[in-house]
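> The structure is given below, and queries will be raised subsequently.
Protein chains: 2
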Amino acid sequence: MVAHMNAEALEKTIATGDAWYFSRSRHSLWRKGESSDHVQRVIEMRVDCDQDAVWIKVEQQGPGACHTGRRSCFYRAVPLRRATAVTLEFRDAEKTFDPKAVYE
Amino acid sequence: MVAHMNAEALEKTIATGDAWYFSRSRHSLWRKGESSDHVQRVIEMRVDCDQDAVWIKVEQQGPGACHTGRRSCFYRAVPLRRATAVTLEFRDAEKTFDPKAVYE
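So the protein sequences, as listed, match chains L and H.
The opening residue of the first sequence carries number 1 in the working numbering; numbering runs sequentially from there.
The opening residue of the second sequence carries number 1001 in the working numbering; numbering runs sequentially from there.
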């Protein structure tokens, strides 16, 4: 998954070892798993060369990270080397939980 | 590495199988490797659930992707579960090429 961290989310993630993010649409800090119990325990955190991107390796609690009910948000592949419009292919797209039951 | 793709960069990446990006600071499209020869051949491309992030797996030509002369841009780790200011730790930080000789 990809999500935004502001300074406070980064600070809380480093201090607690749980992944915290900042929702730019809701203008609020959130801890991954606070409504779903799908907490992310951070195993490793790295920053990139110009320090505007953070990569974290997590131990994902529960059946998945994606709010659509899948393990990963990256469940669709883009076919390559096509000159025309592409149709996404579903990969690893099996739902591992029911998002309605988890996120209400 | 992390970089921005606009619609044209995405289109060119899909059509050619080479990674194209868009520089928001220079306001211009660029093909990774155009100055360094460190071309990225895309093996697989995925989009995330809300389709605003692209993940690509590449075959990296040359010794590295990072403009600092390293294989990866994520060569610094952030120590976790510290309440106070952190000091970055260097990991996989060995330079694999001389950026001055490769860029410009």
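Where is the CB? At the ideal position from N, CA and C, for every residue including glycine.
Terminal residues of the continuous beta strand (DSSP E) containing L1088 (chain H)?
Counting along the chain, L1088 (chain H) falls outside any beta strand (DSSP E), and DSSP gives it neither H nor E.
> Please tell me whether M1005 (chain H) has its Cβ less than 7 angstroms away from any Cβ of chain L.
For M1005 (chain H), the answer is no, since every Cβ of chain L falls outside 7 angstroms of its Cβ.
> What residues match up with Y103 (chain L) in a beta bridge as DSSP calls it?
Looking at the DSSP assignment, Y103 (chain L) forms no beta bridge with any residue, so it has no partner.
> Can you find a CB in chain H that lies within less than 7 angstroms of the CB of W20 (chain L)?
No - not a single Cβ of chain H is within 7 angstroms of the one on W20 (chain L).
> Span of the beta strand (DSSP E) holding E1059 (chain H)?
V1054 to Q1060 is the span of the beta strand (DSSP E), which, as asked, contains E1059 (chain H).
> For the segment 6-43 of chain L, which segments carrying the beta strand (DSSP E) assignment without a break, of at least 3 residues, lie completely within its bounds, in sequence order?
With a minimum length of 3 residues, the continuous beta strand (DSSP E) runs that stay inside the segment 6-43 of chain L are 20-23 and 28-31.
> Kindly list, in the order they appear in chain L, the residues whose Cβ is closer than 7 angstroms to that of L1080 (chain H).
Going along chain L in sequence order, the residues near L1080 (chain H) (Cβ under 7 angstroms) are I14, G17, V42 and M45.
> Exposed or buried, what is R1024 (chain H) when buried is set at 16 or more other beta-carbons lying within 10 Å of its beta-carbon?
Classification for R1024 (chain H): exposed.
> Which residues, taken in chain order from the segment 1064-1076 of chain H, show a beta carbon closer than 9 angstroms to some beta carbon of chain L?
Listed by position along the chain: C1066, H1067, T1068, R1070, S1072, C1073, F1074, Y1075 and R1076.
> Rounded to the nearest angstrom, what separates D37 (chain L) and Q61 (chain L) at their Cα positions?
Approximately 7 angstroms, taken between the alpha carbons.
> Do G1069 (chain H) and K1095 (chain H) come within 7 angstroms of each other at the CB atom, strictly closer than that value?
Cβ distance < 7 angstroms, so K1095 (chain H) and G1069 (chain H) count as in contact.
> Give the C-beta separation of R76 (chain L) and F97 (chain L) to the nearest angstrom, bearing in mind that I take them to be a contact with Cβ-Cβ under 8 angstroms.
Actually they do not touch by this definition, with Cβ atoms about 18 angstroms apart.
> Answer yes or no: does any C-beta atom of chain L fall closer than 7 angstroms to that of V1102 (chain H)?
Output row for V1102 (chain H): interface = no.
> Might you give, ordered along the chain, the residues of its own chain that have their beta carbon closer than 6 angstroms to the beta carbon of I56 (chain L), omitting 5 neighbours on each side?
Result list for I56 (chain L): V42 and M45, in chain order.
> Just the chain H side, please: which residues come within less than 7 angstroms of V2 (chain L) by C-beta, in chain order?
D1048 and A1053, listed in chain order.
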